[in-house]
Every structure is written in C-alpha cells, then in structure tokens.
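Each residue of the sequence shown is one higher than the one before, counting from 733 in my numbering.
Backbone N, C-alpha and C define an ideal beta-carbon position, used for all residues, glycine too.
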Amino acid sequence: GAHICKCCSKKSKKFDSEEELRLHESEKPYTCQYCPTRFKNKNEAERHQNSLHLRRHSWSCAALAGVQAAFHPSPTHASVASICGYCGEGFSNDPKNWGVWSDHLNHVHKFGECNQAKKFFRADHFRQHLKHSHAGTIGKWTNMLENACMKDEVPPKNR
Numbered sequence: 733g734a735h736i737c738k739c740c741s742k743k744s745k746k747f748d749s750e751e752e753l754r755l756h757e758s759e760k761p762y763t764c765q766y767c768p769t770r771f772k773n774k775n776e777a778e779r780h781q782n783s784l785h786l787r788r789h790s791w792s793c794a795a796l797a798g799v800q801a802a803f804h805p806s807p808t809h810a811s812v813a814s815i816c817g818y819c820g821e822g823f824s825n826d827p828k829n830w831g832v833w834s835d836h837l838n839h840v841h842k843f844g845e846c847n848q849a850k851k852f853f854r855a856d857h858f859r860q861h862l863k864h865s866h867a868g869t870i871g872k873w874t875n876m877l878e879n880a881c882m883k884d885e886v887p888p889k890n891r
C-alpha cells in the first residue's frame, strides 16, 4: 500500500515504503507547533507559524496614517528633507511643499487606489504589494514605510 506524507503543506506525497516516508520526513526536521507541516529549517517553520497561525502583526496600506506618514526624515539631511518610503526620492520639508508630497504619492504611487481592506501577514508579501501595486522600489527607505504600515494583531484563537 501507499505511504502518504502528511507533512508537506501543498500536496501530500505518496511513497512506496514506510522507509521512504521516514527518509522524506527526516529531510524536514522542524515541525509546526500548530499543524503537521514540516520544514527543512527553523526559520521557515517560524515564518509559517507567525504568518499563518499566530498572526501577531499585519501590514496594510489602510494602516498608513495619511500622506505624511509615507515620508520619513532623510538620514543625511533630516532637518531639511524627507524621503518617500515607496521609492526613496527626497523632498523638501517645507510645509508649502506638502502638496508636492501628496501629488507624488497620488500620481507615482497610486496612493489609496489599492484594496484598503487587504492585509498581509508577512512583510515580504507586503513588499511585493508595494512593488507591484504602488510602483515601489525596495531599499533602506522601505523599512520605515513597513513600520508605518504595521499593526499588532489580536492572535486568532484556534488555528
């Protein structure tokens, strides 16, 4: 009879013998604490648990508290310039130029045009969203935007 693996998340694999099944499982020594899925390394197991079962944090465009929250002080010229968290472009801090910030976000990055209800439970998935939906370029500036778009979540009860 077939020996079926229950440790692979996508599709269960069939093996001809118990020995082959055990060998397969031994290649993935890290087991999820919440389901039978197994992983080759500890980081993969933790990422799976955090994004699927624990969901302590989420990232979403809706969490961004307005246009100004998408910008952060320039690391080199904090008093006079701010950096766009989507692309790293620098802008004058003069309040008269905040319209320029707004135009930049609306026209270049389609600010507010995506599905505001969408939440991401992995930062790398949120980064992909920024890149594909908002013409974002990933760099050091992205971390500040990620932090501004991150919320703590109430963990789900039964997962």
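Query                                                                                                  : Result
Option in 881, 802, 820 with minimal Cα separation from residue 808                                    : 820
Rounded separation between residue 753 and residue 874 - CA only                                       : 43 Å
Contacting residues, own chain, Cβ-Cβ under 7 Å from residue 853 (five flanking each side not counted) : 783, 787, 790
8 Å contact criterion, which residue 817 and residue 797 should meet: CB distance rounded              : So it is not a contact: roughly 12 Å between Cβ atoms.
Pairwise C-alpha distance: residue 763 and residue 812                                                 : 50 Å
Buried versus exposed, by CB contacts within 10 Å (16 or more), residue 891                            : Note that residue 891 has pLDDT 46, beneath the 50 cutoff, so the model's placement of it is unreliable and the number below is only indicative. Per the 10 Å Cβ criterion, exposed.
Short Cβ contact (8 Å threshold) for residue 792 with residue 850                                      : yes
Residue from 751, 879, 770 whose Cα sits closest to the Cα of residue 744                              : 770
Status (buried if at least 16 other CB within 10 Å, exposed otherwise) for residue 755                 : exposed
Reference residue 883; option with closest CA among 855, 815, 841                                      : 855
Buried or exposed by the 16-neighbour rule on C-beta atoms within 10 Å, applied to residue 866         : buried
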